[in-house]
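Residue numbers (the UniProt record's numbering), protein chains in the order written: chain A, 1 to 209; chain B, 1 to 209. First up is the structure itself, then whatever we jot down about it.
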């Protein structure tokens, strides 16, 4: 297809597509003449991934360059590729140098060990959880593995579903795209439904209290 | 207890406590002498709720005044009180005047109806979910009730646990406090664990892909 069709189908302007090519995010099309190049479905797929990373994950160009580089490097496993992309998305919470934070972060590491989960030592999710532990303790809510069980169970079931729904043989770029959409957008779906479910559960228990 | 002890136990300065009294967020203590008042456990509990609303929910004083007023008004059911507080917390996403958003919001309302959940017509969670539906559709992910099932199930189980863990006979202020901590902080726990669970599920499926 020509660049105008690629623009129509991706919803991105020709100018934006040319910018992504200059920045090395999108491979050049194959030259048909001195002024025309031909693009295919892989270009469209790549553009959709870049859009998702930019708009939904709000990632800077440099982070997207890294992810795109890893997609093309077959030496990087699909898991390492997804983990790198998920870590780039963040959120990156500040890790203050204080004993409360240190203790919370150690508890998180112990929890991950106890669950036997494979989670990178530098995963932002570890810091995010530690950050939440600090806030909960400050408000007088202790944290034990027993308290966390329902959350661990819910998170694991949703994640298994998300990773499991990617069809076998899906191209690397498409797989990472789909998993990141789960990380960012379906996470918001879960948050919104959690709030609704709370309101519903509260109505059932406390409507006349 | 004197205001100095209330300050120690709440972690708030005497100045902040006096500010909350002036703003009507905290009832005055009972006068012991011309310059001294006596405070009790209810004052401490109230201060913890205000702190949670301010620091964790980042609510403005005016919203906290409303919630505190509703706590003292026995004509407001505990459920209405919690729903009002949860709605005040947000997040409040913009509801643009475009057909995609309108269709998504109608789908959300239909979904809530199908689930039979009690969720206020003006609940920000409805808009948040609609917002996410728009983004998912733009990326080419259709939304069906079947796709949402695992999220609905996880959200409902977690919410039932959260509402169920409040002991019977807990005072209104404490109940709202506890539920809001679930809304804000345990939601972050769920988010962090979801990211970890994704990374773990990805490692198991894609480590050698």
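Cβ atoms here follow ideal geometry from the backbone N, Cα and C, with glycine treated the same way.
Asked	Found
Contact set between the stretch 175-186 of chain B and chain A, restricted to residues whose Cβ is under 9 Å from the partner	175, 177, 178, 179, 181, 182, 183, 184, 185 and 186
Simplified DSSP state of residue 107 of chain A, which is helix, strand or coil	helix
Where residue 201 of chain A falls: helix, strand or coil (DSSP)	helix
Under 8 Å from the C-beta of residue 117 of chain B: neighbouring residues of chain A	196, 197, 199 and 200
Sheet register partners of residue 30 of chain A (DSSP bridge)	A:38
CB contact flag (residue 114 of chain B, residue 81 of chain B, <8 Å)	no
Runs of alpha helix (DSSP H) wholly within the stretch 47-112 of chain B (minimum 4 residues, chain order)	61-72 and 78-89
C-beta neighbour in chain B for residue 77 of chain A, strict 8 Å	yes
Collapsed DSSP secondary structure at residue 141 of chain B in the structure displayed	coil
Among A:86, A:77, A:140 and A:152, nearest to residue 125 of chain A - alpha-carbon criterion	A:86
Simplified DSSP assignment, three categories, for residue 207 of chain A	coil
Cβ-based neighbour list, residue 193 of chain B, same chain, cut-off 7 Å, excluding 5 preceding and 5 following	none
7 Å CB neighbourhood of residue 172 of chain A in its chain, flanking five on each side removed	71, 78 and 81
DSSP three-state assignment for residue 190 of chain B, whether helix, strand or coil	helix
Contact set between residue 219 of chain B and chain A, taken where Cβ atoms lie within less than 8 Å	There is no way to answer for residue 219 of chain B, as the model of chain B reaches only from 1 to 209.
Any chain B beta carbon closer than 8 Å to residue 154 of chain A	yes
Contact set for residue 176 of chain A: own chain, Cβ-Cβ below 8 Å, skip 5 residues either direction	49, 67, 71, 78, 81, 82 and 85
Backbone secondary structure at residue 132 of chain B - three-state DSSP	helix
Endpoints, the alpha helix (DSSP H) within which residue 178 of chain B is located	172-181
Three-state class that DSSP yields for residue 16 of chain A in the structure shown	helix
Where residue 48 of chain A meets chain B, residues with beta-carbon distance less than 9 Å	139 and 140
Assigned exposure category for residue 5 of chain A - 16 Cβ within 10 Å defines buried	exposed
Proximity test, Cβ basis, 8 Å: residue 151 of chain B and chain A	yes
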